[in-house]
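If you read the sequence shown in the working numbering, its first letter stands for residue 3, the second for the next number, and so on. Cβ atoms here follow ideal geometry from the backbone N, Cα and C, with glycine treated the same way. A quick note: this is a predicted structure, and the numbers were derived from the prediction, not measured. The structure under discussion appears below in the form of structure tokens.
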Amino acid sequence: MKLFDVYPLYDVVPVSARGLMVTDSQGKEYMDLYGGHAVISIGHSHPHYVSRIKEQLEKIGFYSNSVINPLQEQLAEKLGRMSGCENYSLFLCNSGAEANENALKLASFHTGKSRVIAFKNGFHGRTSAAVAATDNEKINAPINKQQKVSFLALNDAETLKAELEKGDVCAVILEAIQGVGGLDQPSTEFYRQLRALCTEMGVVLIADEVQSGYGRSGKFFAFQHHEVSPDIISLAKGMGNGFPVGGVLIHNKFQASYGLLGTTFGGNHLACAAALSVLEVIESENLISNAGEMGQYFREKAKSLSGLRKIKGKGLMLGLEFDFDVADLRKRLIFNQQIFTGGSKDRHVLRILPPLNIEKTHIDHFLSALKKEL
Ligand SMILES: Cc1ncc(COP(=O)(O)O)c(C=O)c1O
3 MKLFDVYPLY
13 DVVPVSARGL
23 MVTDSQGKEY
33 MDLYGGHAVI
43 SIGHSHPHYV
53 SRIKEQLEKI
63 GFYSNSVINP
73 LQEQLAEKLG
83 RMSGCENYSL
93 FLCNSGAEAN
103 ENALKLASFH
113 TGKSRVIAFK
123 NGFHGRTSAA
133 VAATDNEKIN
143 APINKQQKVS
153 FLALNDAETL
163 KAELEKGDVC
173 AVILEAIQGV
183 GGLDQPSTEF
193 YRQLRALCTE
203 MGVVLIADEV
213 QSGYGRSGKF
223 FAFQHHEVSP
233 DIISLAKGMG
243 NGFPVGGVLI
253 HNKFQASYGL
263 LGTTFGGNHL
273 ACAAALSVLE
283 VIESENLISN
293 AGEMGQYFRE
303 KAKSLSGLRK
313 IKGKGLMLGL
323 EFDFDVADLR
333 KRLIFNQQIF
343 TGGSKDRHVL
353 RILPPLNIEK
363 THIDHFLSAL
373 KKEL
């Protein structure tokens, strides 16, 4: 059987990885400034992560959600404390799309309404409601287009107010830093207006922190830079450092009932062990403050790159916007300099999403390699 051919692949075969470094089948080492698409939070194969998962597998890897799993409670407690979101409850699932799907579904159950407001260039995943709320015609099939979604421009509070006043909206979903879209952000003023309007009109505010969460922005969640509180927060990527795990933080004002949400694999023992070990490393190695500091260092050092228009994003979720298409530069960085970086919907933006334990020497090495290619 062949693989269903949906990914344009770079000709690299990683076989092992440690920290920021990935080794391919030829024994070549690459520096990972892409984090496997913002997934690697604590570094590849961190020893604590590896031993925690191994130990768990030797005890029990999986049982269904019909029995008590104390690891889920430990994870909820630690996540609540470390994120400052103690007045939310946790629902565990397996991916970012699934987290957003559940968030949107809850908003619709809660309000009895069905229209969603999302933003231009936003990305929320590839499943039913999540892909419908994603501003990309090409990945929305006719079945997805049946959903009612309106895409607004970020920072246009007047149009937002007019749309919410129509009274049929269940949720507004947004990324505090757009990932796939190219690192645009709502202003603090807009985010606060959005919060106030949602409260006034009884609309659920969903923060998609799938990519920007887990310390990547220099705070646990990127919306925390604006000092607002969403009603629902979706997470995935950095949460499992590569182990497929996602979650939905649901404000305590939402009423749970048996059967309202559910999943076979979500929150299994192995996923919880992976997610707990990630939080333990983030805490013991102070990775959130490192993300903030290294992001600042990167910005200072990158300022004078030739062809650079601006540096977008926060912490270690950065975009270098150049005055040319970066597709060829990305290829040259991989094959000439052995460095992985990311692209985005905006073809001028090179995305930088390294593990949160990156050091100054890695940044210096990347910038000198980048200068050679420029
Ligand atoms: C902001 C955001 N939301 C949701 C998703 C979807 O996550 P997943 O691919 O785990 O379904 C992504 C993936 O890139 C994302 O960046």
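Looking at ligand 1, does it come within less than 7 Å of residue i, judged from the CB to the closest heavy atom?
i	result
Y283	Residue identity check: residue 283 is Val in the sequence provided, not Tyr. No, Cβ of V283 sits at least 7 Å from all heavy atoms of ligand 1.
Q213	yes
F125	yes
D210	yes
N104	no
H39	yes
E177	yes
V15	no
G345	no
S189	no
A99	yes
G315	no
A293	no
G181	yes
A224	no
A173	no
A238	yes
For the alpha helix (DSSP H) holding residue i, just list the boundary residues, first then last.
i	result
G249	Premise fails: G249 lies in the beta strand (DSSP E), 248-253, not in any alpha helix (DSSP H).
G98	98-113
R301	289-304
R332	329-337
L94	Where L94 is concerned, there is no enclosing alpha helix (DSSP H), although the beta strand (DSSP E) it sits in stretches over 90-95.
D210	Premise fails: D210 lies in the beta strand (DSSP E), 206-210, not in any alpha helix (DSSP H).
R218	Per DSSP, R218 belongs to no alpha helix (DSSP H) and is neither H nor E.
F192	190-203
G135	Checking the displayed sequence, the identity of residue 135 turns out to be Ala instead of Gly. Where A135 is concerned, there is no enclosing alpha helix (DSSP H), given that its DSSP letter is neither H nor E.
Can you give me the Cβ contacts of residue i inside the same chain, cut-off strictly under 8 Å, excluding the 5 residues immediately before and after it?
i	result
D137	A120, F121, K122, N123, G124, F125, F153, G183
L376	L307, S308, G309, L331
T25	P16, V17, S18, A19, E31, Y32
Let's see if you can read the secondary structure: which residues bound the beta strand (DSSP E) around residue i?
i	result
I313	310-316
I70	No beta strand (DSSP E) holds I70; DSSP gives it neither H nor E.
A143	That residue, A143, is in no beta strand (DSSP E); it is neither H nor E in DSSP.
P16	16-20
M3	No beta strand (DSSP E) holds M3; DSSP gives it neither H nor E.
V151	151-154
Per DSSP, which one or two residues make a beta bridge with residue i?
i	result
D34	F342
L320	G315, I354
I234	I208, I252
R117	V171
D381	The structure shown does not extend to residue 381, since the chain spans only 3 to 376, so no value can be given for it.
H46	G21
L176	A209
In chain order, what residues of the same chain have a beta carbon less than 6 Å from the beta carbon of residue i, not counting five sequence neighbours either side?
i	result
I354	L35, L320
A224	A178, I179, S214
A238	S97, G98, A101, V212, G248
Within a Cβ cutoff of 7 Å, which residues of the same chain sit near residue i, ignoring the five residues on either side of it in sequence?
i	result
R194	H228, V230
Counting pairs of beta carbons, one from the segment 295-305 and one from the segment 267-279, are three or more of them closer than 8 Å? no
The segment 81-91 contacting the segment 141-152, beta-carbon criterion three pairs below 8 Å: no
So does the segment 253-269 actually touch the segment 284-298, counting three or more Cβ pairs closer than 8 Å? no
Within the chosen definition, does the segment 52-62 reach the segment 257-266 through at least 3 CB pairs nearer than 8 Å? no
Stretch-stretch touch, CB-based, cutoff 8 Å, three pairs: the segment 262-269 with the segment 153-165: no
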